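Here the UniProt record's numbering is used: position 124 in the sequence shown is 124, and no number is missing along the way. Quick reminder that beta carbons are idealized off the backbone N, C-alpha and C, glycines included. On a predicted model such as this, the values are computed, not experimentally measured, just so you know.
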Amino acid sequence: MSLTIHRRFVLNYSLNFLSAILLIYVSKWLFRQYPISSLTLTIINCFLSGLFASIILQFLPKISIKNIQTSTNRLKSLFHLFLISISFSAFITFSNLSLQYNTIGTYQLIKLQVPPTLMFIEWIQLKLKLNSSILTKEKFSQDYSLSILLTFGIIVFGTLVNTYSDLYFHPLGVIYACLSVICNALYQTMVQNDKASSIYERTYFLQNQTIISTFILVPCWLFSDSSF
C-alpha cells in the first residue's frame, strides 16, 4: 500500500513539474509570437483553471458545503477568500509580466526567492505577535534551521549573481519579478491556515478562488489593457 502511495506521489509531482515547465514555455512563446498582454494571459489562466476545477468537481465524491466551511476554518469567510484572490491575482499577473520581460532562467531563479520571503514575513508576524496555532516560535525555529538559512543564503546570492550578469537584464522585469515574489509569499501566508483535507475541498476552494480572481481582473483589463 505504501509503495502504491509513493508511486502516486511521484507520478503526481512529475506531472505537475512537466506541466509547469510546459506552461512556462508556451506562455513565453505566446508573448514572442502574438501581441497578447500579461493581464490577458492571467485572465485566461484563471478562467480556464476555474472551468477545469468546476468540471473535476462533478466527478469527485461530494461533501456538504457546511462540512467544507467547517473544515476550512478561516477560508469560509468570503472577505478572507476575497483577499486571498487579490493576492493570487497579483502574483500571477506579476509572474506573467516577469516572464514577458525576463529570460526564462532569470524568471525561474527569482521565483526561488519565495521561501526566503515567506520566512521574512513569518518572522515579522512573530515580532508583531501575530502568530497563531499554525505559526509559533517553536515551529518557526523548526522550519528554518541553520542549514535552511544557509541554503536560502546560497539561493539569494546565486540569484543576484545571475540577474546582474544576465545579458538580457531588464530592470522593469526584475521589479515585476520581485513584486510577484512578495505577492506569492503573502498568498502563501494567507492560505497556510487552510485545513482542507480532501481533494474535493481543495478543488472547491480552487474553483472559488479562480472565479473571484477572474472577476477582479476583468475590470482592470477593460480600463488598462489596450492590447489583445
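Please look up how many angstroms separate the CB atoms of leucine 99 and serine 27, rounded, as I've assumed it's under 8 Å. Within the sequence shown, the letter at position 99 stands for residue 99. Within the sequence shown, the letter at position 27 stands for residue 27. 6 Å between Cβ atoms; contact.
What does the Cβ neighbour count give for serine 95, buried or exposed, with the cut at 16 atoms within 10 Å? What you label residue 95 is simply residue 95 of the sequence shown in a count that begins at 1. Burial state of serine 95 is buried, judged by a 10 Å Cβ sphere holding 16 or more other Cβ atoms.
What is the rounded straight-line gap between the Cα of lysine 139 and the Cα of tryptophan 123? Here residue 139 is taken as the residue at index 139 of the sequence shown, counted from 1. Here residue 123 is taken as the residue at index 123 of the sequence shown, counted from 1. Pairing lysine 139 with tryptophan 123, the inter-Cα distance amounts to about 11 Å.
Let's test the definition: count the other Cβ atoms within 10 Å of the Cβ of threonine 136 and tell me whether it reaches 16, buried, or not, exposed. What you label residue 136 is simply residue 136 of the sequence shown in a count that begins at 1. Exposed, because fewer than 16 other Cβ atoms sit within 10 Å of the Cβ of threonine 136.
To the nearest angstrom, how far is it from the Cα of phenylalanine 17 to the Cα of leucine 130? Position 17 of the sequence shown, counting from 1, holds the residue named residue 17. Position 130 of the sequence shown, counting from 1, holds the residue named residue 130. Our two residues, phenylalanine 17 and leucine 130, have alpha carbons roughly 34 Å apart in a direct line.
For isoleucine 84 and leucine 15, what's the separation of their Cα atoms in angstroms? The residue you call residue 84 lines up with position 84 of the sequence shown. The residue you call residue 15 lines up with position 15 of the sequence shown. Straight-line Cα distance between these residues: approximately 26 Å.
Determine the burial state of phenylalanine 205: buried for a count of at least 16 other Cβ atoms within 10 Å of its Cβ, exposed for fewer. In the sequence shown, the residue the question calls residue 205 occupies position 205. It is buried - the Cβ of phenylalanine 205 has at least 16 other Cβ atoms within 10 Å.
Just reading off the alpha helix (DSSP H) that aspartate 143 is part of, what are its end residues? Start at 1 with the first residue of the sequence shown, and residue 143 comes out as number 143. Counting along the chain, the alpha helix (DSSP H) containing aspartate 143 begins and ends at 137 to 143.
Counting beta carbon pairs with one atom in the stretch 147 to 157 and one in the stretch 212 to 221, are three or more of them shorter than 8 Å? No: fewer than three Cβ pairs fall under 8 Å.
Measuring alpha carbon to alpha carbon, tell me which of Thr203, Asp143, Ala20, Thr40 ends up nearest serine 224. Locating residue 224 in the sequence shown gives position 224, counting from the first residue. Out of Thr203, Asp143, Ala20, Thr40, Thr40 has the C-alpha closest to the C-alpha of serine 224.
Between the beta-carbon of asparagine 184 and the beta-carbon of lysine 111, is there less than 9 Å? Counted from its first residue, the sequence shown places residue 184 at position 184. Counted from its first residue, the sequence shown places residue 111 at position 111. Result yes, Cβ atoms of asparagine 184 and lysine 111 sit closer than 9 Å.
For isoleucine 36, does the three-state DSSP call read helix, strand or coil? By 1-based counting over the sequence shown, the position of residue 36 is 36. Looking at isoleucine 36 - three-state DSSP - the assignment turns out to be coil, as it is neither helix nor strand.
Roughly how far, in whole angstroms, is the beta-carbon of tyrosine 187 from the beta-carbon of phenylalanine 82, given that I think they are within contact range, below 8 Å? Residue mapping note: residue 187 aligns to position 187 of the sequence shown, counting from 1. Residue mapping note: residue 82 aligns to position 82 of the sequence shown, counting from 1. Taking a contact as a CB-CB distance under 8 Å, the pair tyrosine 187 and phenylalanine 82 does not count as one, their CB atoms being some 13 Å apart.
Run the CB neighbour count on phenylalanine 228, radius 10 Å, all protein chains shown included, and call it buried at 16 or more, exposed below. Here residue 228 corresponds to residue number 228 of the sequence shown, with the count starting at 1. Bear in mind that the predicted position of phenylalanine 228 carries a pLDDT of just 41, short of 50, making it unreliable; the figure below should be weighed with that in mind. Classification for phenylalanine 228: exposed.
Per-residue burial, alanine 90 [other beta carbons within 10 Å of its own, 16 or more giving buried]: Taking the first residue of the sequence shown as position 1, residue 90 is located at position 90. Burial is judged here by how many other beta carbons sit within 10 angstroms of a residue's own beta carbon; alanine 90 has at least 16 and is buried.
For phenylalanine 59, the three-state DSSP class (helix, strand or coil): Counted from its first residue, the sequence shown places residue 59 at position 59. Residue state, collapsed to three classes: coil.
Can you confirm whether the stretch 49 to 64 touches the stretch 152 to 159 when touching is taken to mean that 3 or more C-beta pairs between the two stretches lie within less than 8 Å? Cβ pair count under 8 Å is below three, so no.
Mind reading off the beta-carbon distance from leucine 118 to threonine 189? Whole number of angstroms is fine, and I expect it under 8 Å. Mapped onto the sequence shown, residue 118 falls at position 118. Mapped onto the sequence shown, residue 189 falls at position 189. Between leucine 118 and threonine 189, the beta carbon gap of about 7 Å places them in contact (Cβ cut-off 8 Å).
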